[in-house]
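My numbering applies: residue 227 is where the sequence shown begins, and numbers increase by one.
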Amino acid sequence: METNKLFSLQGRFSTIQRKADGSLDNTTKTWLGNVKEASIEMSVDKETMKESFSGQRADYGTIITGKTFSLNMTLTEWLPEPLALSLYAKEVKVDAKTIADEEFPTVVDGNTVVLDGYFISDLIIKDSTATPVTLKEGVDYEIVSDISGDIKILNTKTFKQPFKASYKSSEATALYPFANIQPPERCLVFEGINTLTGKNTYIEMYRVQFDPTSNFGLINETFGELPLTGTLLIDSQKTGKDQLSGYMQVLTME
(Lines of atoms letter the chains of each structure in order from A and count residues from 1; the text may use other names and numbers.)
(Lines give C-alpha, C1' and ligand atoms only; values in the text may rest on other atoms or scores of the structure.)
Protein backbone atom coordinates (compact mmCIF):
# COMPACT_ATOMS: atom_id res chain seq x y z
CA MET A 1 0.00 0.00 0.00
CA GLU A 2 1.30 3.44 -0.90
CA THR A 3 2.28 5.64 2.04
CA ASN A 4 0.03 8.67 2.50
CA LYS A 5 1.38 12.13 1.70
CA LEU A 6 -0.22 14.08 4.54
CA PHE A 7 1.85 16.92 5.89
CA SER A 8 2.21 19.19 8.90
CA LEU A 9 5.20 21.48 8.60
CA GLN A 10 7.37 23.08 11.26
CA GLY A 11 10.76 24.70 10.81
CA ARG A 12 13.18 27.60 10.89
CA PHE A 13 13.13 30.80 8.84
CA SER A 14 16.39 32.67 8.22
CA THR A 15 17.45 35.63 6.12
CA ILE A 16 20.61 35.96 4.03
CA GLN A 17 21.82 39.33 2.79
CA ARG A 18 22.53 39.85 -0.90
CA LYS A 19 25.71 41.44 -2.24
CA ALA A 20 25.71 44.26 -4.77
CA ASP A 21 26.17 41.76 -7.62
CA GLY A 22 23.12 39.77 -6.49
CA SER A 23 25.00 36.82 -5.03
CA LEU A 24 24.40 35.73 -1.45
CA ASP A 25 26.64 36.73 1.43
CA ASN A 26 26.59 33.40 3.25
CA THR A 27 28.27 34.89 6.32
CA THR A 28 25.08 36.83 7.12
CA LYS A 29 22.56 34.04 7.64
CA THR A 30 20.32 35.13 10.53
CA TRP A 31 17.57 33.15 12.25
CA LEU A 32 14.29 35.05 12.67
CA GLY A 33 13.31 33.24 15.85
CA ASN A 34 10.04 31.45 16.45
CA VAL A 35 7.51 31.91 13.65
CA LYS A 36 3.90 31.28 14.63
CA GLU A 37 2.45 31.40 11.12
CA ALA A 38 3.85 31.73 7.60
CA SER A 39 2.23 31.57 4.19
CA ILE A 40 2.80 32.56 0.57
CA GLU A 41 -0.09 33.89 -1.50
CA MET A 42 0.19 33.61 -5.28
CA SER A 43 -2.04 35.41 -7.74
CA VAL A 44 -2.09 36.33 -11.42
CA ASP A 45 -3.48 39.24 -13.38
CA LYS A 46 -5.34 38.09 -16.47
CA GLU A 47 -6.84 39.65 -19.54
CA THR A 48 -9.74 37.71 -20.99
CA MET A 49 -10.90 37.67 -24.60
CA LYS A 50 -14.65 37.21 -25.20
CA GLU A 51 -15.81 35.47 -28.35
CA SER A 52 -18.43 37.06 -30.56
CA PHE A 53 -19.36 34.25 -32.94
CA SER A 54 -21.73 32.15 -30.81
CA GLY A 55 -23.93 34.84 -29.39
CA GLN A 56 -22.96 33.79 -25.83
CA ARG A 57 -20.05 36.20 -25.36
CA ALA A 58 -18.20 33.32 -23.71
CA ASP A 59 -14.59 33.38 -22.58
CA TYR A 60 -12.44 32.49 -25.57
CA GLY A 61 -8.90 32.98 -24.31
CA THR A 62 -6.82 34.48 -21.52
CA ILE A 63 -3.43 36.15 -21.25
CA ILE A 64 -1.56 36.30 -17.97
CA THR A 65 -0.37 39.89 -17.65
CA GLY A 66 1.23 39.70 -14.24
CA LYS A 67 2.24 37.42 -11.36
CA THR A 68 2.38 38.28 -7.67
CA PHE A 69 3.89 36.36 -4.76
CA SER A 70 3.04 37.77 -1.32
CA LEU A 71 4.61 36.66 1.96
CA ASN A 72 2.82 36.79 5.32
CA MET A 73 4.50 35.85 8.59
CA THR A 74 3.78 36.22 12.30
CA LEU A 75 6.90 36.29 14.49
CA THR A 76 6.93 35.97 18.27
CA GLU A 77 10.47 36.90 19.33
CA TRP A 78 12.00 40.34 19.96
CA LEU A 79 15.13 40.07 17.81
CA PRO A 80 17.12 42.79 15.97
CA GLU A 81 16.85 41.35 12.43
CA PRO A 82 13.04 40.99 12.18
CA LEU A 83 12.56 44.29 14.00
CA ALA A 84 14.91 46.04 11.57
CA LEU A 85 13.11 44.51 8.58
CA SER A 86 9.65 45.46 9.81
CA LEU A 87 10.65 49.02 10.77
CA TYR A 88 12.94 49.74 7.78
CA ALA A 89 15.45 50.45 10.52
CA LYS A 90 19.17 50.97 10.60
CA GLU A 91 20.81 48.80 13.26
CA VAL A 92 23.63 50.29 15.34
CA LYS A 93 25.55 48.52 18.10
CA VAL A 94 25.94 50.63 21.25
CA ASP A 95 28.97 49.74 23.34
CA ALA A 96 28.87 49.43 27.11
CA LYS A 97 30.32 52.52 28.79
CA THR A 98 31.65 53.62 32.15
CA ILE A 99 30.68 57.23 32.83
CA ALA A 100 32.50 59.32 35.43
CA ASP A 101 31.35 62.57 37.06
CA GLU A 102 28.37 63.37 34.83
CA GLU A 103 27.32 66.75 36.21
CA PHE A 104 23.72 67.46 37.27
CA PRO A 105 22.03 70.82 36.78
CA THR A 106 21.11 72.71 39.94
CA VAL A 107 18.24 70.85 41.60
CA VAL A 108 15.87 71.13 44.55
CA ASP A 109 14.30 68.38 46.61
CA GLY A 110 11.87 66.37 44.48
CA ASN A 111 13.47 67.14 41.11
CA THR A 112 14.10 64.24 38.70
CA VAL A 113 17.27 64.24 36.61
CA VAL A 114 17.65 62.11 33.46
CA LEU A 115 21.14 60.76 32.91
CA ASP A 116 22.69 60.55 29.45
CA GLY A 117 23.04 56.75 29.60
CA TYR A 118 20.52 53.92 29.33
CA PHE A 119 20.26 50.62 31.25
CA ILE A 120 22.39 52.01 34.06
CA SER A 121 24.06 50.15 36.94
CA ASP A 122 26.61 50.73 39.73
CA LEU A 123 25.41 54.30 40.24
CA ILE A 124 27.34 56.55 42.64
CA ILE A 125 26.35 60.19 43.20
CA LYS A 126 28.67 62.64 44.97
CA ASP A 127 28.53 66.33 45.78
CA SER A 128 31.09 69.04 44.96
CA THR A 129 32.74 69.65 48.31
CA ALA A 130 36.54 69.56 48.48
CA THR A 131 36.22 66.03 49.81
CA PRO A 132 33.16 64.79 47.88
CA VAL A 133 30.39 63.27 49.97
CA THR A 134 28.49 60.28 48.57
CA LEU A 135 24.70 60.49 48.55
CA LYS A 136 22.79 57.53 49.99
CA GLU A 137 20.26 55.72 47.81
CA GLY A 138 16.82 55.71 49.41
CA VAL A 139 17.74 58.65 51.66
CA ASP A 140 19.19 61.34 49.41
CA TYR A 141 18.03 60.02 46.04
CA GLU A 142 16.12 57.17 44.43
CA ILE A 143 16.45 55.48 41.06
CA VAL A 144 13.09 55.99 39.37
CA SER A 145 14.13 54.06 36.25
CA ASP A 146 17.42 52.32 35.60
CA ILE A 147 16.24 51.82 32.00
CA SER A 148 16.19 55.51 31.06
CA GLY A 149 18.42 56.74 33.89
CA ASP A 150 15.80 58.74 35.82
CA ILE A 151 17.09 59.83 39.25
CA LYS A 152 14.87 61.60 41.80
CA ILE A 153 16.70 63.83 44.27
CA LEU A 154 15.27 63.57 47.80
CA ASN A 155 17.69 65.69 49.85
CA THR A 156 19.86 68.63 48.79
CA LYS A 157 20.14 70.50 52.09
CA THR A 158 23.38 69.04 53.45
CA PHE A 159 25.31 68.91 50.20
CA LYS A 160 27.16 71.26 47.89
CA GLN A 161 25.97 71.26 44.29
CA PRO A 162 26.41 70.39 41.49
CA PHE A 163 25.97 66.68 42.07
CA LYS A 164 28.02 64.32 39.91
CA ALA A 165 27.04 60.80 38.84
CA SER A 166 29.31 57.90 37.96
CA TYR A 167 27.77 54.73 36.56
CA LYS A 168 27.86 52.04 33.89
CA SER A 169 25.58 51.82 30.87
CA SER A 170 24.89 48.45 29.28
CA GLU A 171 25.70 47.27 25.78
CA ALA A 172 22.64 47.63 23.55
CA THR A 173 21.32 47.47 20.01
CA ALA A 174 19.78 50.68 18.67
CA LEU A 175 17.26 50.66 15.82
CA TYR A 176 16.35 53.80 13.87
CA PRO A 177 13.05 53.26 11.97
CA PHE A 178 12.85 54.45 8.36
CA ALA A 179 16.57 55.28 8.41
CA ASN A 180 16.92 53.01 5.36
CA ILE A 181 15.74 54.81 2.22
CA GLN A 182 15.34 51.62 0.20
CA PRO A 183 13.00 48.83 1.33
CA PRO A 184 15.00 46.00 2.91
CA GLU A 185 15.56 42.98 0.66
CA ARG A 186 16.76 39.54 1.70
CA CYS A 187 16.94 35.97 0.53
CA LEU A 188 14.56 34.09 2.83
CA VAL A 189 15.05 30.39 3.50
CA PHE A 190 12.83 27.86 5.27
CA GLU A 191 14.38 24.70 6.68
CA GLY A 192 11.36 22.58 7.47
CA ILE A 193 10.30 19.15 8.54
CA ASN A 194 7.09 17.29 7.81
CA THR A 195 6.25 16.16 11.33
CA LEU A 196 4.02 13.37 10.00
CA THR A 197 6.71 11.69 7.91
CA GLY A 198 10.00 13.01 9.30
CA LYS A 199 11.04 14.16 5.81
CA ASN A 200 12.82 17.49 5.42
CA THR A 201 11.98 20.29 3.03
CA TYR A 202 13.99 23.34 2.01
CA ILE A 203 12.41 26.45 0.49
CA GLU A 204 14.53 29.31 -0.82
CA MET A 205 12.87 32.59 -1.76
CA TYR A 206 15.54 34.37 -3.77
CA ARG A 207 14.46 37.99 -3.35
CA VAL A 208 11.99 39.15 -0.72
CA GLN A 209 11.28 42.85 -0.37
CA PHE A 210 9.74 43.49 3.04
CA ASP A 211 6.96 45.93 3.90
CA PRO A 212 6.89 48.18 6.98
CA THR A 213 4.82 46.64 9.73
CA SER A 214 1.17 47.63 9.93
CA ASN A 215 0.97 47.01 13.69
CA PHE A 216 3.92 47.44 16.02
CA GLY A 217 2.24 46.52 19.32
CA LEU A 218 3.96 47.86 22.44
CA ILE A 219 1.56 46.68 25.17
CA ASN A 220 0.71 42.98 25.22
CA GLU A 221 -1.82 41.20 27.44
CA THR A 222 -0.37 37.86 26.33
CA PHE A 223 2.53 36.79 24.09
CA GLY A 224 3.55 39.59 21.74
CA GLU A 225 3.52 39.15 17.97
CA LEU A 226 5.24 40.93 15.10
CA PRO A 227 3.60 40.75 11.65
CA LEU A 228 6.07 40.66 8.78
CA THR A 229 4.93 40.89 5.18
CA GLY A 230 6.65 41.24 1.85
CA THR A 231 6.70 40.58 -1.86
CA LEU A 232 8.77 38.01 -3.75
CA LEU A 233 10.64 39.66 -6.62
CA ILE A 234 12.04 37.84 -9.61
CA ASP A 235 15.78 37.15 -9.57
CA SER A 236 17.22 37.62 -13.05
CA GLN A 237 20.13 35.32 -12.14
CA LYS A 238 17.71 32.47 -11.41
CA THR A 239 15.74 32.52 -14.66
CA GLY A 240 16.32 30.34 -17.69
CA LYS A 241 15.49 26.86 -18.90
CA ASP A 242 17.31 25.10 -16.05
CA GLN A 243 15.83 27.18 -13.23
CA LEU A 244 12.21 27.30 -14.46
CA SER A 245 11.31 30.09 -12.03
CA GLY A 246 13.08 33.19 -10.84
CA TYR A 247 11.13 33.46 -7.59
CA MET A 248 11.83 30.46 -5.39
CA GLN A 249 12.62 26.79 -5.22
CA VAL A 250 11.01 24.09 -3.07
CA LEU A 251 13.15 21.02 -2.32
CA THR A 252 11.62 17.91 -0.72
CA MET A 253 13.59 14.98 0.62
CA GLU A 254 12.74 11.71 -1.14
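All C-beta atoms, glycine included, are put in the ideal place defined by N, C-alpha and C.
Judged by pairs of C-beta atoms under 8 Å, the region 378 to 388 touches the region 322 to 341, as three or more such pairs exist. Assigned with DSSP and collapsed to three states, A310 falls in helix. In this structure, N260 lies near T302, with their beta-carbon atoms less than 7 Å apart. Judged by DSSP in its simplified three-state form, S462 adopts helix.
Counting of Cβ neighbours within 10 angstroms places T382 among the buried residues, the total reaching 16 or more. Around the beta-carbon of M268, fewer than 16 other beta-carbon atoms lie within 10 Å, marking it exposed. For I407, the number of other beta carbons within 10 angstroms of its own is below 16, and it is reported as exposed. With distances taken between CA atoms, N252 lies nearest to C413 out of V318, A310, C413 and N441.
Counting the other CB atoms within 10 Å of its CB gives I429 a total of 16 or more, which places it among the buried residues. Along the region 374 to 450, the alpha helix (DSSP H) does not occur as any fully enclosed run of 4 or more residues.
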